[in-house]
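Structure, as structure tokens:
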Amino acid sequence: MKNKLPIYLILASGLAIAALIAFQVNWMRHSQELLEEQFQHRVNMALCNTVEQLSREPSCTGRLQSQCLATNSECDRELDTLLRTEVFSQTLARALAFYQIDLPYQANIVDRTALPASLASMAPAFSCSLEPLVPTEDHLLALQFDGRKNYILKRMGAMTGASFGILLLICLIFFFATYHLLRQQRISRHNREFFNQMAHEFRTPLTNIRLASNLLQRKAESSAAAPYLRIIQDASDQLMTQVNTMLHLARFDRREGLDASGPVDAAGLLREAIDNMGPQIEERQTEVLFADHSGGANVVGDALHLRNVFHNLIDNALKHTPAGTPVEVEVATAGREVRITVADHGQGLPAEQLPLLFDPYFRCAPDGEQAGFGLGLAYVKKIVDLHGGRIAVDSKPGQGTRFQLFFPQTPAA
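Take the position in the sequence shown, starting the count at 1, then add 428; the result is the number in our numbering.
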């Protein structure tokens, strides 16, 4: 799921952009329809205003009224004559100019009585009744425009250009971000594969070094070379731990390598970790105080990785504990959880470093010494999260550091 997350994000972003484009196109279409309605309304208002102005001209109304009461043909001829007069042209031009319409047009008269019955009740888009200029509503003054579509699109030009410009910018940003996301994902995958391969390559010679140093140590326990063999053994153990941690983290990134299928005795694992670290505890001239208040409560988890977690935390506490100062380890129940506490009395950490403590490759040491690769606590956090647990850390300069792990409790069988 984690590896597919960038693909899902890209698909979701693509769908969002497609929806945005569809919405924008629909909005532009709606804007065009609205502008056409406004244009039609202004034209009709100009026509009706023209008819009203002409109806106040005695030179226009007198003859029209008498002719239109006679026959439709005579009325049509008289109206056609009116369209060619200077009075009509000037009156219509003033009305169109008032409503800011400057398109070429053709004026004509529509006689409803001459239309088929199905069309007689329908008025043209740009028209107005000639009443009261004529005594009946059978005649309409209509206009036809050349280039009306281009006029509407021109009115929408700035708005359309800005909208498509913004959409183009969004699409470019999306494609640029997608390209770099996929590129970074590919680089990250290659780096992960390289480090995994490198860790495997280191593991084989380290295993050979450990085996050889063990054999030499058995044969030279009383010789002058024994301390140097011990150094080789400790260094190879430390490197092997780092290599194993890198491999474990890589497997967990692929959701592999965890077998959390059975109950695990947390107190027993802590005792094993402390016993296995006996030589380190003795070398650092300190002790580990262990308290078991769990009442036999278990957790569901992977014993191997939980043991490694406890080993990492105790080893980390030993590194920062002055000689002669004990490390305190406790396991107890807290409600429905098992709480594991590892506390040292070292120099502690400043508050600003605590949020970064579990980041991979982050290293901090109060005394200025930065050993290791900064993977130990990242490994601890990953294991705790995969077990459905949580981790808390409390540290103050000069007072030491306390780690608390909380795991869901499973009653002992």
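All C-beta atoms in this analysis are idealised placements derived from N, C-alpha and C, irrespective of residue type, glycine included.
The beta strand (DSSP E) runs lying completely inside the segment 700-766 and spanning 3 residues or more are 716-721, 726-729, 755-762, given in chain order. Residue range 818-824 is occupied by the beta strand (DSSP E) that includes V821.
Between S591 and Q452, the CB-CB gap stays under 7 Å. Our two residues, T509 and I580, have alpha carbons roughly 32 Å apart in a direct line. M587 sits exposed, since fewer than 16 C-beta atoms from the chains shown fall within 10 Å of its C-beta.
Residues of the same chain with a CB within less than 6 Å of the CB of H721, apart from the 5 flanking positions on each side, are A760 in chain order.
Q827 sits in coil when the DSSP states are folded into three classes, being neither helix nor strand. In the structure shown, the three-state DSSP call for G589 is helix. Judged by DSSP secondary structure, I811 falls within the alpha helix (DSSP H) whose first and last residues are 804-814.
Within the same chain, Cβ atoms closer than 7 Å to the Cβ of C599 are found at I445, the five residues on either side in sequence being excluded. Judged by DSSP secondary structure, I537 falls outside any alpha helix (DSSP H) and instead within the beta strand (DSSP E) spanning 533-539.
Setting aside the 5 residues that flank it on each side, A820 is surrounded in the same chain by Q832, each with a C-beta closer than 6 Å to its C-beta; the list follows chain order. Counting of Cβ neighbours within 10 angstroms places V515 among the exposed residues, the total staying below 16. Rounded to whole angstroms, the gap between the alpha carbons of P560 and H458 is 36 Å. Per DSSP, V562 lies in no beta strand (DSSP E) segment and is marked neither H nor E. Boundaries for G575: no beta strand (DSSP E) harbours it, and the DSSP string shows neither H nor E there.
Beta bridge pairing from DSSP links P836 with E765. Looking at the DSSP output, A771 sits in a beta bridge with E756, R830. According to the DSSP assignment, T519 belongs to the alpha helix (DSSP H) that extends over 514-526. Within the same chain, no residue comes within 6 Å of A450 by CB-CB distance, once the 5 residues on both sides are set aside.
By the Cβ rule, the segment 777-787 does not count as touching the segment 706-715, because fewer than three pairs are nearer than 8 Å. Counted as a single uninterrupted DSSP element, the beta strand (DSSP E) harbouring P691 occupies residues 690-693.
The count of Cβ pairs closer than 8 Å, one atom from the segment 636-645 and one from the segment 465-484, stays below three, leaving the stretches out of contact. Under DSSP, C556 shares a beta bridge with L569.
The count of Cβ pairs closer than 8 Å, one atom from the segment 568-582 and one from the segment 463-474, reaches three, so the stretches are in contact.
Taking every protein chain shown into account, the CB of D566 has 16 or more other CB atoms within 10 angstroms, so this residue is buried. If you compare the alpha carbons of R830, P633, I438, A447 with that of A663, the shortest gap goes to P633. Residue nearest to H773 within the set A653, Q827, V737 is Q827 (criterion: CA-CA distance). Annotation for L463: I580, R583, M584 place their beta carbon closer than 7 Å to its own, counting only its chain and skipping 5 residues before and after.
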